[in-house]
Amino acid sequence: MITAEDFIHLQCTPEDVRAGIAYALRSLRHTYNRMHSRPIRRLQRIAAGLAVESAFQRYLQSQHIPFDLLGATHFTRPDRYDLALGGRRCDIKSFLLRDREQIRAVRREPASLLNAPALIPQDQFRRSPLRPEDVYIFAFLAALTAEEQTTWKKALDRGQPLYLVWLFARGWPHASRLALKQGGTRPLRVTLSGEGKQGFTQKSITLQPGRVHTLKLPFKTLHFIHPKRPPDGPLGVHNPQTKETRVIQPTAWRNIWVYGMEIYLTGVISRREFKSNARLILAGSKVFQYRHTSTHNLAVSIRSLHPLRPFLERVLAARTGSK
1099 MITAEDFIHL QCTPEDVRAG IAYALRSLRH TYNRMHSRPI RRLQRIAAGL
1149 AVESAFQRYL QSQHIPFDLL GATHFTRPDR YDLALGGRRC DIKSFLLRDR
1199 EQIRAVRREP ASLLNAPALI PQDQFRRSPL RPEDVYIFAF LAALTAEEQT
1249 TWKKALDRGQ PLYLVWLFAR GWPHASRLAL KQGGTRPLRV TLSGEGKQGF
1299 TQKSITLQPG RVHTLKLPFK TLHFIHPKRP PDGPLGVHNP QTKETRVIQP
1349 TAWRNIWVYG MEIYLTGVIS RREFKSNARL ILAGSKVFQY RHTSTHNLAV
1399 SIRSLHPLRP FLERVLAART GSK
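Residue numbers (my numbering): 1099 to 1421.
Following this line, the structure appears as structure tokens:
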């Protein structure tokens, strides 16, 4: 059993978010969309999860707690585990809280998280390679998002970072040759991301206003375009092989940055104990984290987890004692 005093509070830094976004862009087409989320929301959710992992690793380093990433999940493979502590594999389950009122309530009273369920999708739990003695760590990230131009312009005016993308939801095939033209007033640096013979590939180019740039690219399929700054005019992309043209207006860019405020590392539980005590939460159920769940979940109460600090102290003591 834990209390709110057992929570470990971490800050989510821009570096954590950048690491999360880099992983999200690479992994989107390889991850299972069990929550039936829109692609932009999926990118934000994946980025948030990796930001939590990045912050946790930084915390472990600051406390001199040894860990390894030998089994960390590659973006093209199903989940294995996130890191290992003291020889035990750890799967970090994080939940993104993006509702302003809920965030205010949690920041005012962190103990409200104790009543939340520690959720694991039932199908994911069944397929997990974790052993009975391996552990789950549950975390919450309080963060805002500003996806559309009406909201991300406000973030930009406040000096907040952006990461704008145009997403080809199903990919744009036969993208080895493209012609790009931007109608803005200033040079625009863009990065194109897609799949090539060697897997995920990126290509960056500076587009001059009004000029057609013909590119030979290492892509089989184009997935994203990312401008370094908000474009002040339309961007046209022509694919001569498919004879298709896409014109991206300045209002069409979506911002996938996650404005992380605070991370709450709540507690830890072994897979064996979780399996013994979990109850089934059916798809469509209202829970603390979601208005309704998109899939069947197994759950225990956050309150029933074990404190994380003593677990980490044992990891450190075991390492120190072995020297």
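Every residue gets a Cβ at the ideal spot worked out from N, C-alpha and C, and that includes glycine.
If you measure between the beta carbons of residue i and residue j, is that distance less than 9 Å?
i: Leu-1248; j: Arg-1275; result: For the record, residue 1248 in the displayed sequence is Thr; it is not Leu. Their beta carbons are not under 9 Å apart, which means Thr-1248 does not touch Arg-1275 by this criterion.
i: Ile-1400; j: Val-1233; result: no
i: Leu-1211; j: Arg-1352; result: no
i: Phe-1165; j: Ser-1192; result: no
i: Leu-1183; j: Phe-1372; result: no
i: Gly-1365; j: Asp-1104; result: yes
i: Glu-1151; j: Arg-1186; result: no
i: Ala-1381; j: His-1394; result: yes
i: Leu-1194; j: Phe-1154; result: no
i: Leu-1260; j: Met-1359; result: no
i: Ile-1379; j: Leu-1396; result: yes
By how many angstroms is the C-alpha of residue j removed from the C-alpha of residue i?
i: Ile-1100; j: Ala-1253; result: 37 Å
i: Ile-1106; j: His-1162; result: 16 Å
i: Ala-1240; j: Gln-1200; result: 9 Å
i: Leu-1262; j: Ile-1354; result: 6 Å
i: Arg-1205; j: Phe-1317; result: 45 Å
i: Tyr-1388; j: Pro-1307; result: 44 Å
i: Tyr-1357; j: Pro-1405; result: 27 Å
i: His-1324; j: Ala-1415; result: 46 Å
i: Leu-1108; j: Ser-1125; result: 25 Å
i: Arg-1116; j: Ala-1149; result: 8 Å
i: Lys-1384; j: Leu-1217; result: 12 Å
i: Asp-1114; j: Arg-1196; result: 17 Å
i: Val-1288; j: Arg-1370; result: 48 Å
i: Tyr-1157; j: Leu-1228; result: 23 Å
i: Arg-1293; j: Leu-1320; result: Residue identity differs from the one stated: residue 1293 is Glu in this sequence, not Arg. Computed Cα separation, rounded: 7 Å.
i: Cys-1110; j: Lys-1341; result: 44 Å
i: Gly-1282; j: Pro-1271; result: 27 Å
i: Pro-1112; j: Arg-1417; result: 31 Å
Does any heavy atom of the ligand COA sit closer than 8 Å to the C-beta of residue i?
i: Gln-1387; result: What this structure holds is no ligand at all, so the ligand COA is not there to describe.
Residues in its own chain within less than 7 Å of residue i by CB, not counting five upstream and five downstream?
i: Val-1310; result: Ala-1277 and Lys-1279
i: Glu-1245; result: Ile-1138, Arg-1352 and Asn-1353
Hey, residue i and residue j are a contact pair by Cβ (cut 8 Å); roughly how many whole angstroms apart?
i: Asn-1337; j: Ala-1267; result: Rounded, the Cβ-Cβ distance is 16 Å, inconsistent with contact.
i: Leu-1290; j: Lys-1301; result: 5 Å
i: Pro-1215; j: Tyr-1362; result: Not a contact, Cβ separation roughly 15 Å.
Distance cutoff 9 Å, beta carbons only. Does residue i sit that close to anything in chain D?
i: Arg-1124; result: The structure shown contains no chain D, having only a single protein chain.
Tell me which residues share the same chain as residue i and place their Cβ nearer than 6 Å to its Cβ, disregarding the 5 neighbours each side in the sequence.
i: Ile-1346; result: Trp-1264 and Leu-1333
i: Asp-1221; result: none
In chain order, what residues of the same chain lie with their CB nearer than 8 Å to the CB of residue i, ignoring the 5 residues before and after it?
i: Arg-1284; result: Pro-1307 and Asp-1330
i: Thr-1343; result: Gly-1334, Val-1335, His-1336 and Asn-1337
i: Asn-1213; result: Phe-1386, Ser-1399, Ile-1400 and Arg-1401
i: Pro-1348; result: Gln-1247, Pro-1328, Pro-1329, Asp-1330, Gly-1331 and Pro-1332
Complete beta strand (DSSP E) runs within the segment 1327 to 1402 (minimum length 3 residues, chain order): Correct list: 1333 to 1337, 1342 to 1346, 1356 to 1368, 1377 to 1379 and 1395 to 1399.
Length at least 4, wholly inside the segment 1144 to 1230: the alpha helix (DSSP H) runs in chain order: List check, alpha helix (DSSP H) in window: 1198 to 1206 and 1220 to 1225.
Segments assigned beta strand (DSSP E), at least 3 residues, entirely inside the segment 1249 to 1331: The segment 1249 to 1331 contains, as complete beta strand (DSSP E) runs of 3+ residues, the segments 1262 to 1271, 1275 to 1280, 1286 to 1294, 1297 to 1305, 1311 to 1314 and 1319 to 1325 (chain order).
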